[in-house]
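**Q** Residue numbers (this note's numbering): 5 to 378. Even glycine gets a Cβ: it sits at the ideal position worked out from N, Cα and C. Please read these numbers as outputs of a predicted model, since none were measured by experiment.
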Ligand SMILES: Cc1cc2nc3c(=O)[nH]c(=O)nc-3n(C[C@H](O)[C@H](O)[C@H](O)COP(=O)(O)OP(=O)(O)OC[C@H]3O[C@@H](n4cnc5c(N)ncnc54)[C@H](O)[C@@H]3O)c2cc1C
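#1: If you draw a straight line from the alpha carbon of residue 337 to that of residue 207, how long is it in whole angstroms?
#2: Indicate, with yes or no, if ligand 1 has a heavy atom lying under 7 Å from the CB of residue 23.
#3: For ligand 1, is there any heavy atom lying closer than 7 Å to the beta carbon of residue 359?
#4: In the DSSP assignment, the beta strand (DSSP E) including residue 7 goes from what residue to what residue?
#5: What do you get for residue 307, buried or exposed, if any count of 16 or more other CB atoms within 10 angstroms of its CB means buried?
#6: Is it the case that the region 250–259 contacts the region 319–328, given that we only count it when at least three CB pairs across the two stretches are under 8 Å?
#7: Output the boundary residues of the alpha helix (DSSP H) element that contains residue 220.
#8: Looking at C-beta atoms only, is the number of pairs between the region 323–335 and the region 124–131 that lie closer than 8 Å three or more?
#9: Beta-carbon separation of residue 264 and residue 304 under 8 Å?
#10: Near residue 29, which residues of its chain fall below 8 Å by C-beta distance, leaving aside the five closest residues on each side in sequence?
#11: Report yes or no: do three or more beta-carbon pairs, one from the region 58–75 and one from the region 285–303, lie closer than 8 Å?
#12: Within a Cβ cutoff of 8 Å, which residues of the same chain sit near residue 142, ignoring the five residues on either side of it in sequence?
#13: Could you tell me the alpha carbon to alpha carbon distance between residue 13 and residue 155, rounded to whole angstroms?
#14: Under 8 Å, do residue 47 and residue 190 count as touching if we go by C-beta distance?
#15: Secondary structure at residue 361, three-state DSSP: helix, strand or coil?
#16: Check each candidate in 315, 170, 84 and 11 and name the one with the smallest Cα separation from residue 380.
#17: Determine, using beta carbons only, whether residue 102 and residue 185 come nearer to each other than 8 Å.
#18: Restricting to Cα atoms, I'd like to know which of 72, 176, 332 and 136 is closest to residue 193.
#19: Would the C-beta of residue 72 count as close to ligand 1, meaning under 7 Å from any of its heavy atoms?
#20: Around the Cβ of residue 327, are there at least 16 other Cβ atoms within 10 angstroms (buried) or fewer (exposed)?
#21: Confirm, please, whether the CB-CB distance from residue 152 to residue 176 is below 8 Å.
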């Protein structure tokens with residue numbers, strides 16, 4: 005008899021398994037329907053020995069010292085500050101749009117004019133969501149905001165979500181604000197580093213060789229749920245799937261990845277290049293910037309957004325819209341009714357657009373509030 009059956013061996017499942025095994029000393033069975041641990045953060049070495057993030061580039065960044073302290077038990081880090089350029093009108097300009105981007109896209113006098121406008125209205129260092137900038141009472145700021153909106157946000161969002169920015173929760177576009185400074189970094193978090201030997205190695209250190217954790221891969225929970233003896237279930241898969249889609253399926257966006265292999269030390273000038281207005285794909289990421297590997301070859305991952313179709317591709321991004329949150333709330337209420345028996349946790353189970361650090365924080369919170377000493 006296991007104390008816990010944990011469905012899903014991604015960040016949520018691995019953190020909870022590690023805490024339950026090491027802190028509570030209880031036994032768990034950790035299962036995943038995939039043939040590997042790590043969930044969407046899983047990485048592996050390709051035939052050239054280069055580290056690839058199977059489900060798209062994953063860059064770790066956080067302001068939570070608690071999350072850093074926890075993960076640092078299982079990995080060393082390489083400091084890495086991610087930078088992104090967007091191809092706009094034939095030029096590569098820094099994203100998030102900032103004062104450097106202004107100077108690269110506009111002639112000198114106009115750039116200085118806009119710079120003064122932004123500085124006097126918002127102050128150096130401020131971060132303004134694009135939808136807020138477009139609501140400025142100042143017509144010149146609106147003119148600039150409309151330019152940034154058209155060239156950086158609109159077509160990228162249409163490709164990524166098949167929706168206009170206004171039709172998504174405003175938090176989505178606020179993730180990439182306009183920045184009134186010369187800070188070219190994609191993230192401004194206090195801790196920005198990559199696990200030195202990759203995410204999979206970190207997960208191995210978390211859950212491997214632990215007598216309290218039994219791992220079963222290639223195992224869908226439906227195939228074993230009736231035959232396994234356990235006291236409590238922790239479910240980190242899709243919450244709508246758990247309830248047999250009884251209120252209807254929750255919508256997701258999916259992606260298709262293409263790998264381009266180049267006989268170059270480096271192919272592009274920075275980690276990620278965004279293509280808001282060209283091509284069917286949204287962005288290209290060159291893995292070696294993230295992994296610090298040296299090789300005469302380089303792998304780039306190109307991302308093609310897709311609608312999610314159950315059973316055909318992966319549910320990657322919950323779609324943050326009021327109507328979807330309302331649907332999720334119906335499942336959340338159903339989950340509440342069975343909360344003595346089942347704990348839901350994770351990007352798919354909570355239907356939230358969590359980053360990795362948020363999912364670790366959430367799993368630690370679930371452990372501390374619902375599991376420890378229970
Ligand atoms: C393309 C992409 C890029 C991202 N980039 C970043 C980034 O740069 N920085 C960042 O901080 N975050 C990033 N994220 C977010 C990050 O991937 C998530 O926050 C994190 O992986 C969520 O972990 P999780 O354990 O909740 O879910 P998941 O990683 O999705 O793990 C859930 C696991 O449950 C398993 N499962 C589902 N159903 C069943 C079932 N029926 N039976 C058994 N197992 C099941 C799945 O196979 C999966 O392994 C990105 C996400 C995507 C999709």
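**A** A quick look at the data gives this:
#1: 32 Å
#2: no
#3: yes
#4: 6–11
#5: buried
#6: yes
#7: No alpha helix (DSSP H) holds residue 220; the beta strand (DSSP E) holding it covers 217–220.
#8: no
#9: yes
#10: 216
#11: yes
#12: 121 and 125
#13: 39 Å
#14: no
#15: helix
#16: Only positions 5 to 378 of the chain appear in this structure, which leaves residue 380 out of reach.
#17: yes
#18: 72
#19: no
#20: exposed
#21: no
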